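> FYI, the numbering for the sequence shown is 1 to 442, going by our numbering.
Let me give you the structure first, and then I'll get to my questions.
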Amino acid sequence: MPVQRSLLLPYARHLQVSICMLIFLLTLLPACSVAPATGDTTPTNGIKYGGSVSVMPGPYGLFIRNFNPFLPVNARSGTQGMIYETLLVFNQLKNTTTPWLATNYTWSPDLTRLTFTLRSGVKWTDGQPFTSDDVVYTLNLLRQYRQLDAYGMSSFIKDVANPNPGTVVIQFYHPSVPELWYIAGQTYIVPRHIWQHLKNPVADPVNDPVGTGPFTLASFDPALYVLARNPHYWQPGKPYIDELRYPAYESNSSADLILAQGSIDWNGIYSAKLQTNFIERDPVHNHYWFPPVKDVMLYMNLTRFPFTNTAVRLAMNIAIDRQRLFRLGETGFEPPASLTGLVLPSNQAYLAPQYATLAEDVSVTKALSLLTSAGFTRGSDGIFADAMGQRLSFALNVVSGWTDWENDCAYIAQDLKNIGIAVTINHISYTNYLTAQVNGAY
């Protein structure tokens, strides 16, 4: 039985021009038999080394050469984790934490100071040692450049110090235990001796990344880039394979064709034809999973009309039929998420019993009543407007070629039209989509 990603349509705080469907990348991990292409494949302690893995993480189109881990629109797949690493690794599926570049951390009694002990003997791929200078530099870099600071670290970090090469001390403005997730699990440490020479770390491309991770950049072409094994990786004997190959493709449809050919080992797409194009081709080795680690979300700009009005948001919430998105838009792969916002079953331990059976309430009648009670009047075209004549309408952005999301958006537009809200769907490139998200320009 496949574990599935979930659908959720909550409210969010983002500075946006219209509205954008920001749906986390489908983590589709088909385990194929990998035929080693190069390298030594002699078993050592039962482990077979060598070979390559072809990875298609998502339909992004042709690649731009930039491996900046702080800019999602520029960071190529593998930048985060394969090249650059974090202090800790959080397993969202199992709720476990593994020491990584840091071996230990402690909190002060008042929870306003966090101290990390760093792993010794780690080196950057250019041979320079990894030290606390790199961690301090990385955190201060994010605090200095808002465009890189996706988690607002400047708002909760008061100071960062390194009393010695193996220790980092972070002082907070107030007790900040939840921020451990962002600082240690979501911040990829970069080398100070390289990055300090960037004139503009926001705009300057990182063409030849230097990291601590298991792979390094071997070659780059807009249609294919290759990461090769780091022979000096700090985890002895790892990685097991020689290289990761990332081919470019434009859409789920084009990826379907490649999937059917059997030339991809690890895929990250939505496909309505998984059973026929993939599973049935080799049922013994070909599988797929949808690990429940993220919710699919619809983000609204709560500072702009019509989303400044609570009644509009509530009406949208009860008008959108999540079950239809599940059955038709996602062809049965992604069930509606818990209305609590918790990702289940991963976060089942945090779900209060009284909310275990909480179900969505889809009602056009109630949605219409909410809008009418809020003072909106329905025009001859069926669309509501406020007393000033502003129509309830907005643009909904979706990545062109991401067929399941495009289907979802079409169904959402239908549902909202039924309650007098006009939706225009903008099919845009992934680069423009993510740029708009990062800059709040949608």
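Positions of the beta carbon are idealized from the N, C-alpha and C atoms, including for glycine.
Keep in mind it's a predicted model, so treat the numbers as computed, not measured.
(1) Suppose contacts are defined by Cβ-Cβ distances below 9 Å. Is N488 in contact with I269 by that definition?
(2) Assuming F67 and R76 are in contact, meaning their beta carbons sit under 8 Å apart, how far apart are those beta carbons, in whole angstroms?
(3) Can you tell me whether DSSP reads Y355 as helix, strand or coil?
(4) Residue range of the alpha helix (DSSP H) that S154 falls in?
(5) Could you tell me the alpha carbon to alpha carbon distance between S154 and L139, rounded to whole angstroms?
(6) Identify, in the order they occur along the chain, each residue of the same chain with its Cβ nearer than 6 Å to the Cβ of F384, setting aside the five sequence neighbours on each side.
(7) Helix, strand or coil: which one does DSSP assign to V89?
(8) Could you tell me which uninterrupted alpha helix (DSSP H) segments, each at least 4 residues in length, are contained entirely in the region 293-351, listed from first to last along the chain?
(9) What three-state label does DSSP hand T112 in the structure shown?
(10) Exposed or buried, what is M56 when buried is set at 16 or more other beta-carbons lying within 10 Å of its beta-carbon?
(11) Between L339, T340, Q323, K94, which lies nearest to G443 when the distance is taken from Cα to Cα?
(12) Give the secondary structure of F398 by DSSP, where H, G and I count as helix, E and B as strand, and everything else as coil.
(13) Would you list the residues sitting across from Q390 in a DSSP beta bridge?
(14) In terms of alpha-carbon separation, which member of L416, Y233, Q171, A441 lies closest to Q128?
(15) Following the continuous beta strand (DSSP E) through Q171, name the residue where it begins and the one where it ends.
(16) Short check: CB of I425 to CB of A387, under 9 Å?
(17) Roughly how many angstroms lie between the CA atoms of P212 and Y105, to the nearest whole one?
(18) Going by alpha carbons, who is nearest to V362 out of N317, Q261, V190?
(19) Mind checking which residues open and close the beta strand (DSSP E) that includes L217?
(20) Does the distance from the C-beta atom of A319 to that of A367 stay below 9 Å?
(21) Buried or exposed: N45, going by 16 or more other Cβ atoms within 10 Å of its Cβ?
(22) Looking only at DSSP bridge pairs, what is Y288 linked to?
(23) Check whether the Cβ atoms of A174 and T115 sit closer than 9 Å, and answer yes or no.
(24) Could you pull the DSSP bridge partners for I428 from this structure?
(25) Using the C-alpha atoms, what's the distance from E243 back to A255?
(26) Specify the secondary structure class of W195 as computed by DSSP and reduced to three states.
(27) Please return the same chain residues whose Cβ sits closer than 7 Å to the Cβ of K273, not counting the five positions on each side in sequence.
(28) Can you check which of these residues, W181, A150, V135, P178, is closest to D159 by C-alpha distance?
(29) Would you say L198 and V206 are within 9 Å of each other, going by their C-beta atoms?
(30) Confirm, please, whether the CB-CB distance from L259 to F290 is below 9 Å.
(31) So what does DSSP say about V136, is it helix, strand or coil?
(32) Secondary structure at E250, three-state DSSP: helix, strand or coil?
(33) Between the C-alpha atoms of S132 and I194, what's the straight-line distance to the nearest angstrom?
(34) What's the C-alpha gap between L148 and A203?
(35) To the nearest whole angstrom, what separates the beta carbons of G61 and Y430, a pair I think is in contact under 8 Å?
(36) Of the choices G401, D408, Y355, R119, whose alpha-carbon is the least far from that of Q235?
Inspection of the coordinates gives the following:
(1) The question about residue 488 has no answer here: the residues shown for the chain are numbered 1 through 442.
(2) 6 Å
(3) helix
(4) Where S154 is concerned, there is no enclosing alpha helix (DSSP H), given that its DSSP letter is neither H nor E.
(5) Distance between the alpha carbons of S154 and L139 is about 9 Å.
(6) L371, F376, R378, L392, G420
(7) strand
(8) 310-319
(9) coil
(10) buried
(11) Residue 443 lies beyond the stretch modelled for the chain, which goes from 1 to 442, so this question has no answer here.
(12) Looking at the sequence provided, one finds Val at residue 398 rather than Phe. The answer is strand: DSSP assigns V398 an E or B state.
(13) DSSP output for Q390 lists no bridge partner at all.
(14) Y233
(15) 167-172
(16) Pairing I425 with A387 gives a Cβ-Cβ distance that is not under 9 Å.
(17) Inspection of the sequence shows that residue 212 is occupied by Thr rather than by Pro. Approximately 20 Å between the Cα atoms of the pair.
(18) N317
(19) Note, L217: beta strand (DSSP E), 215-221.
(20) Result yes, Cβ atoms of A319 and A367 sit closer than 9 Å.
(21) For N45, the number of other beta carbons within 10 angstroms of its own is below 16, and it is reported as exposed.
(22) Paired residues: none, contrary to the question.
(23) Reading the sequence as shown, one finds His at residue 174 and not Ala. Not a contact, by the Cβ cut-off of 9 Å.
(24) BP columns for I428 point to V399.
(25) 21 Å
(26) Here W195 sits in helix by DSSP.
(27) D256
(28) V135
(29) yes
(30) In this structure, L259 does not lie closer than 9 Å to F290 by Cβ.
(31) helix
(32) coil
(33) Rounded to whole angstroms, the separation of the alpha carbons of I194 and S132 is 15 Å.
(34) 10 Å
(35) 6 Å
(36) R119
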